[in-house]
Amino acid sequence: MTESTVDAADAAASASSSADSAAASADSAQYEVEHVQRLIRDLQEVVEELQSDSLQNLAYRVIRLRRKVWWSFTVDTFEHASKRADNLERQLRELLTGEVSLDAARNSWELRVWQDLLKDRRKQHGERGTQKWWYTAIREVVSFLERPAYAAPDLPDLRSALKADLDHEVDDPESVTNQFSALVTDE
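Okay, so the sequence shown: first residue is 1 according to the UniProt record's numbering, each after it adds one.
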């Protein structure tokens, strides 16, 4: 081989090595870019979650949901020209036009109360609430908003069940004791 051929071969090998190195660097850079993009997406999701739970957003959602409740009530009762319908309108208007709390927990609670009311309304015949249903619903909402609290847990009489038939309660996966035990161990 001549010296120029050897030089050309060395240059080609060097170029090939440089190309491999550049390809590896490009792959590494692409991985880093994808990693940064994932981090940015994750951060955006966290920011969106924080914004959705921000006090201002919660207050806005309460106002929006109150309007939906008012609209639903109007759709259900606009044809009624009775004293009862007028009283229901006045009571619901008082509830819905009250000030929106600055307390995030209170607003979260109120959102849940109104969402449950609308969900229950959709379960009614024709997805509409009767005056009787609205009367009951308004009373329920008033009690929930006056004294916000979650329902107490259902505590079955495990001692009596175990005393009555220990083998059944221990062996049967559908027994009250085993079902309750599963609730406790899921945590």
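Beta carbons: idealized from backbone N, C-alpha and C, even for Gly. The structure displayed is predicted, hence computed values, not measured ones.
Whose C-beta lies closer than 8 Å to the C-beta of residue i among residues of the same chain, with five residues either side of it excluded?
i, result
"Asn178", "Glu169, Val170, Asp172"
"Ile138", "Leu88, Gln91, Leu92, Leu95"
"Trp114", "Val62, Leu65, Arg66, Lys68, Val69, Val141"
"Trp134", "Phe73, Asp76, Thr77, Leu88, Leu92"
"Leu102", "Leu55, Ala59"
Roughly how many angstroms lie between the CA atoms of residue i and residue j, to the nearest whole one?
i, j, result
"Asp154", "Glu174", "17 Å"
"Leu145", "Val100", "12 Å"
"Glu45", "Ser54", "14 Å"
"Lys132", "Trp109", "25 Å"
"Leu118", "Thr74", "13 Å"
"residue 264", "Arg41", "Beyond the ends of the chain as shown, which are 1 and 187, falls residue 264; an answer cannot be given."
"Ala8", "Val33", "36 Å"
"Gln124", "Gln30", "55 Å"
"Ala152", "Thr136", "21 Å"
"Ser181", "Asp116", "29 Å"
"Leu166", "Leu183", "19 Å"
"Val6", "Ser25", "28 Å"
"Ala19", "Ser28", "14 Å"
"Asn107", "Val176", "37 Å"
"Arg121", "Arg112", "14 Å"
"Ser14", "Leu43", "43 Å"
Considering just the uninterrupted stretch of the alpha helix (DSSP H) at residue i, what are its terminal residues?
i, result
"Asp161", "Sequence check: residue 161 is Ala here, not Asp. Unbroken alpha helix (DSSP H) run through Ala161: 158-164."
"Leu155", "Here Leu155 belongs to no alpha helix (DSSP H), and DSSP marks it neither H nor E."
"Ser175", "Counting along the chain, Ser175 falls outside any alpha helix (DSSP H), and DSSP gives it neither H nor E."
Please return the same chain residues whose Cβ sits closer than 6 Å to the Cβ of residue i, not counting the five positions on each side in sequence.
i, result
"Arg128", "Asp76"
"Ala104", "Leu55, Leu58"
"Asn148", "At residue 148 the sequence reads Pro, which differs from the Asn that was named. Once the five neighbours on either side are set aside, the close Cβ partners of Pro148 are Trp109."
What does a CB cutoff of less than 7 Å around residue i pick up in its chain, not counting 5 residues either side in sequence?
i, result
"Ala11", "none"
"Leu162", "Glu169, Thr177"
- Within the UniProt region "Disordered" (1-21), ranges of the beta strand (DSSP E) (whole runs, at least 3 residues): none
- Quick one: any contact between the stretch 77-91 and the stretch 31-47, if contact means 3 or more CB pairs under 8 Å? no
- For the 8 Å Cβ check, are there 3 or more pairs between the stretch 91-100 and the stretch 64-79? yes
- Message: Suppose only complete runs of 3+ residues qualify. What are the beta strand (DSSP E) ranges in the stretch 54-135, listed by chain order?
- Response: none
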